[in-house]
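Data first, discussion second: the structure below is written as structure tokens.
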Amino acid sequence: MNFKRLETFIWVATLGSFRKAAEHQHTTQPAISNRIAALEDELGVRLFERESGHSKLTSKGQELLPYAEKIVFMAQQLRKRADRGASLSGILRLGVSETIVHSWLPRFFRELHETAPNLDVEITVDVSGNLRSGLLDRSLDLAFLMGPVSEPKVENRALCSFPLIWVASPELNLPNRLLDLKELAEWPIITYARNTKPFAEISQKFSELDELPARFYSSSSLAACRQLTLDGIGISTLPLSVIKHELESGRLIQLNTSWTPSELAFTASYSGTPFNPIAELAANLGVMVSDEYDRTTHHKKLSEDVKNDN
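Just so we're aligned, residue 591 is where the sequence shown starts under my numbering, counting upward by one.
Given below as structure tokens:
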């Protein structure tokens, strides 16, 4: 039985389209049609119903799909163990949240290059909502995003989390004492894009105030949020990794506040079906690197706290 035909059967079933399967397998739509037709002839059954650009599995196709997935999975596992190099070449389409870009992503790429020097990587930096959509429509193989992604076929591996802190330019002359939400709301709140979890939590908290509603300057770019804060446009809540150097140089100061948003929890998320050994490998490396980053930064923070106490 032709292995390529089985792979094509799985991808057409997964993506619901001969055209999308052709794009994913870097071939033409007629080639995909020929593979499916040959497989149907070999099995003696019809696998798909074609409906105006969409392909739907027949009842027999639904019955046979799990067997095809198992055959392809086992063959890929065999290849992986017989020739590790074969599973470490190709293209990894990686989606990344900007918070991770400013923290452990460079270390991840160094590890990835050492492990898979022949691997090509296409990087997309975006908000987690868009990265999630990319995973589900298969335009991304792996995403480091605020997760987990609650879909049955998506694997989620926990990464390190990032506490958020309130910061401002010293030019704003904010009092050096505990500040409540009412005092924070006197300034524009510079924060994450509106279609993100942090924005939803922050806007909900400020909506509880009886006074005039807070003004939000939201952006999908953390670099833009940092620059606006540096320029004294407003106050912001950002991960330490994004504004570490500005705090050390005194260009930003950390505010003592009565409330801070929840930590940002991230996952390495990828589709488990069809099995993608490159995505699994990169996810495992991401977990390793993020854990190392978390241990290093936590140890450094404890050392600084002890030093300050002395």
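No residue lacks a Cβ here, since even glycine has one placed at the ideal position from N, Cα and C.
Under DSSP, the beta-bridge partners assigned to T847 are L769.
The C-alpha of D821 lies about 21 Å from the C-alpha of L769. Using a C-beta cut-off of 8 Å, the stretch 752-764 makes contact with the stretch 851-861, since at least three inter-stretch Cβ pairs fall below that distance.
Going by beta carbons, L774 and I833 fall outside the 8 Å limit. The criterion of a C-beta distance shorter than 8 Å is satisfied by E639 and K646.
Taking all protein chains in view, the Cβ of M664 is surrounded by fewer than 16 other Cβ atoms within 10 Å, so the residue is classified as exposed.
Each of I713, R625, L818 was checked against the Cα of P696, and the nearest Cα belongs to I713. A check of alpha carbon separations from A658 across A706, S729, E630, G737 identifies E630 as the nearest. In this structure, the alpha-carbon of V744 lies about 20 Å from that of I690. Sequence-distant Cβ neighbours of G862 in its own chain, meaning closer than 8 Å and more than five residues away, are K743, V744, E745.
Around the CB of H692, 16 or more other CB atoms lie within 10 Å, so the residue is classed as buried. If you draw a 10 Å sphere on the C-beta of I681, you find fewer than 16 other C-beta atoms in it, and that means exposed. Per DSSP, V686 is not a residue of any alpha helix (DSSP H); the beta strand (DSSP E) it occupies stretches across 680-686. Under the three-state reduction of DSSP output, K743 falls in the coil class, being neither helix nor strand.
Sorting I600, A733, P765, D727 by C-alpha distance to the C-alpha of D716 places A733 at the top. Within the stretch 759-816, the runs of alpha helix (DSSP H) at least 4 residues long that lie entirely inside it are, in chain order, 771-774, 787-796. With a beta-carbon spacing of about 13 Å, L771 and L802 fall beyond the 8 Å limit used to define contacts. Note: I713 is bridge-paired with L684 in the DSSP secondary-structure output.
Annotated three-state conformation of V757 is strand, per DSSP. W849 counts as exposed, since fewer than 16 other C-beta atoms from the protein chains shown sit within 10 angstroms of its C-beta. Burial check for K610: the Cβ neighbour count within 10 Å reaches 16 or more, so the residue is buried. Residue range 608-614 is occupied by the alpha helix (DSSP H) that includes E613. T598 has no beta-bridge partner at all, per DSSP. Looking at the DSSP output, M736 bridges to F856. By the C-beta criterion, the stretch 874-882 is judged to be in contact with the stretch 694-708, since at least 3 inter-stretch pairs fall below 8 Å. For a cut-off of 8 Å, the C-beta gap from L812 to V757 is around 12 Å, too long to register as a contact. In this structure, N866 is the residue among N866, T886, Y883 with its C-alpha nearest to the C-alpha of Q667.
Beta-bridge partners of I825 (DSSP): I779.
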